[in-house]
Amino acid sequence: MNFKDIMYHNKKLEEWMLFALELGEYLELDKKNSTHKFSIYFSLPEPTIFSYFLLHGIFDAQMQQGVDVKKIIERFKQLKEGDIIYYLDHDEWKRCSVVGLYENYTPRSPFHLGIANHAKVIQYIPYNQWEERVMVTDKSNDRILNARRLTAIQKVSGSLSQFYRAEKVKLKEMINLPSAYVVGNKSEFDKYLSLFKFSYAYYDYYHSDILKDGESSHFCNVKWLHSNTEYHKNLVDESITVIIGAAKATSRMDEFRNSNRIIFSSLTESTATVDMLQDKIEQEILIKQGEVITNEIVEELQKKSVAIPKGVRFIAWQHRNK
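Below, the structure is given as structure tokens:
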């Protein structure tokens, strides 16, 4: 998407909205070229709403890059026996258990995904059918289940295809990997997702149409992390983790030291809580000899004519992945 063409109340986006979108896009694209993990800390009046635009920018950057064959194969190699996928069998979607991934099973396809059908007989799905007939989930079971017909599958391909190429949306939905992970107050986050109405390319949309956590549809581009075990299970090396709230960040930021982090505190939080977080960040930068890269980010955004809005304060640093 060309963010500068997005309209809000028949006007161009406010400066801080555009900044958050462009920053999210920049961070997602730039991390591919960096050997270090980055961290950014923001102190804002409304960090939750700011994060909507930031997450949209991250997702948009991933849609620009698309999903290549290597990423598809890596995703399917991660599947284990008992993991659940959705399979389009003729005209019916079915919940099926994964039996395994088979390489060179036949000369016609380099890979086949083995699933259990209604009779627990293995059915082999060739690679060239995955895009149209398979959707990966984050659900699993400790045993092989019989296939079950699903009465309703909510796909996002239709709505997101208004803004992105349909084939890219299908591939993103197939592998179903989050664009970013979020730690924070989920009920507070959900509260304002339909607050802002935008228009782009003659279509109206809300943040709830872009940011999906797997509840209203199968698709998940924003994954909530509620515990350490979920973090270790779901996080992938190049992911961006967004932590909203000073208290959450103080208690959990160390868990994500080896990933890319965006940390928010609110001006409405207690001074003591925010001070504790800021002291912790300062100590991390000093002790771990983090390199402050705030100016570099500002300069890169200025090249795109994106200015730092009034009221937005942040510090960015990078650290080695140890």
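Letter 18 of the sequence shown, counting from 1, is numbered 1 in our numbering, and no numbers are missing. Ideal Cβ positions, reconstructed from N, Cα and C, are used throughout, including at glycine. Just so we're clear, the structure is a prediction, and the values are computed from it rather than from any experiment.
Reference residue i; option with closest CA among the options
i	options	result
Lys(-5)	Leu10, Ser182, Tyr35 and Gly83	Ser182
Lys151	Thr134, Val165, Asn168 and Glu115	Glu115
Asp43	Ser26, Tyr147, His95 and Asp192	Tyr147
Ile127	Met236, Met259, Val281 and Gly65	Gly65
Ile108	Ile136, Val82, Arg132 and Lys122	Val82
Asp125	Lys63, Val257 and Asp173	Lys63
Glu86	Asp74, Glu75 and Glu57	Glu57
Ala184	Gln145, Asn241 and Ser234	Gln145
Asp237	Ser222, Glu252 and Lys263	Lys263
Gln61	Thr134, Leu160 and Ser17	Leu160
Ile(-11)	Gln285, Leu284 and Tyr186	Tyr186
Integer-rounded CB distance, given that residue j should sit under 8 Å from residue i
i	j	result
Val205	Val166	With a Cβ gap of about 11 Å, Val205 and Val166 do not count as contacting.
Ile227	Arg244	With 8 Å as the limit, Ile227 and Arg244 do not qualify as a contact, their Cβ atoms being about 12 Å apart.
Ile280	His201	At roughly 35 Å, the Cβ-Cβ gap does not stay under 8 Å, so Ile280 and His201 are not in contact.
Pro312	Phe247	There is simply no residue 312 to check, as the chain begins at -16 and stops at 305 in what is shown.
Phe59	Leu96	6 Å
Glu198	Arg132	Actually they do not touch by this definition, with Cβ atoms about 21 Å apart.
Close Cβ partners of residue i (< 7 Å) along its chain, the five nearest in sequence each way excluded
i	result
Met157	Trp113, Glu114, Val117, Met118 and Val119
Val289	Leu1, Phe2 and Glu5
Lys287	Glu5
Asn278	none
Glu314	The structure shown does not extend to residue 314, since the chain spans only -16 to 305, so no value can be given for it.
Trp207	Val165, Lys169 and Asp196
Glu274	Trp300 and Gln301
Asn111	Ser92
Met(-16)	Asp43, Phe146 and Tyr183
Sub-9 Å separation of residue i and residue j beta-carbons
i	j	result
Phe297	Ile23	yes
Leu27	Ser170	no
Lys15	Gln301	no
Leu154	Ile55	yes
Leu176	Tyr35	yes
Ile67	Lys103	no
Leu84	Gln47	no
His39	Lys180	no
Ile223	Ser210	no
Same chain, Cβ closer than 8 Å to residue i, five either side skipped, listed in chain order
i	result
Ala130	Tyr70, Asp72, Lys77, Arg78, Cys79, Ser80, Ile98, Ala99, Asn100 and His101
Leu37	Ala3, Leu4, Leu6, Gly7, Val225 and Ile245
Phe25	Phe33, Ile245, Ile246, Phe247, Ser248, Val295, Arg296 and Phe297
Ile270	none
Tyr189	Leu176, Ser177, Leu178, Phe179, Lys180 and Phe181
Pro90	none
Leu194	Tyr35, Leu38, His39, Phe42, Leu176, Asn204 and Val205
Own chain partners of residue i with C-beta closer than 6 Å, once the 5 adjacent residues on each side are dropped
i	result
Ser162	Ile41, Phe42, Gln45 and Asn204
Ala232	Ile226, Ile246 and Leu260
Gly49	Lys151
Ile268	Trp300
Thr256	Ala229 and Ala230
Asp192	Ser142
Gln106	Ile98 and Asn100
Glu(-2)	Pro292
Query raised in the report: Mind pulling the beta strand (DSSP E) runs of 3 or more residues that sit fully within the stretch 152 to 188?
Result: Counting whole runs of 3 or more residues, the stretch 152 to 188 contains the beta strand (DSSP E) stretches 163 to 166, 181 to 183 and 186 to 188.
Requested in this report: Entirely within the stretch 48 to 78 and at least 3 residues each: give me those beta strand (DSSP E) ranges in chain order.
Outcome: The stretch 48 to 78 contains these whole beta strand (DSSP E) runs: 66 to 72.
**Report entry** Whole beta strand (DSSP E) elements within the stretch 230 to 300, 3-residue minimum
**Finding:** Runs of the beta strand (DSSP E) lying entirely within the stretch 230 to 300, each at least 3 residues long, are 243 to 249 in chain order.
Query - Whole runs of the beta strand (DSSP E) within the stretch 5 to 39, excluding any shorter than 3 residues - result: Runs of the beta strand (DSSP E) spanning 3 or more residues and lying entirely within the stretch 5 to 39 occur at 20 to 27, in chain order.
Query raised in the report: Can you give, in chain order, each stretch of the beta strand (DSSP E) that sits fully within the stretch 99 to 137 and has at least 3 residues?
Result: Listed in chain order, the beta strand (DSSP E) elements of length 3 or more contained wholly in the stretch 99 to 137 are 105 to 109 and 117 to 123.
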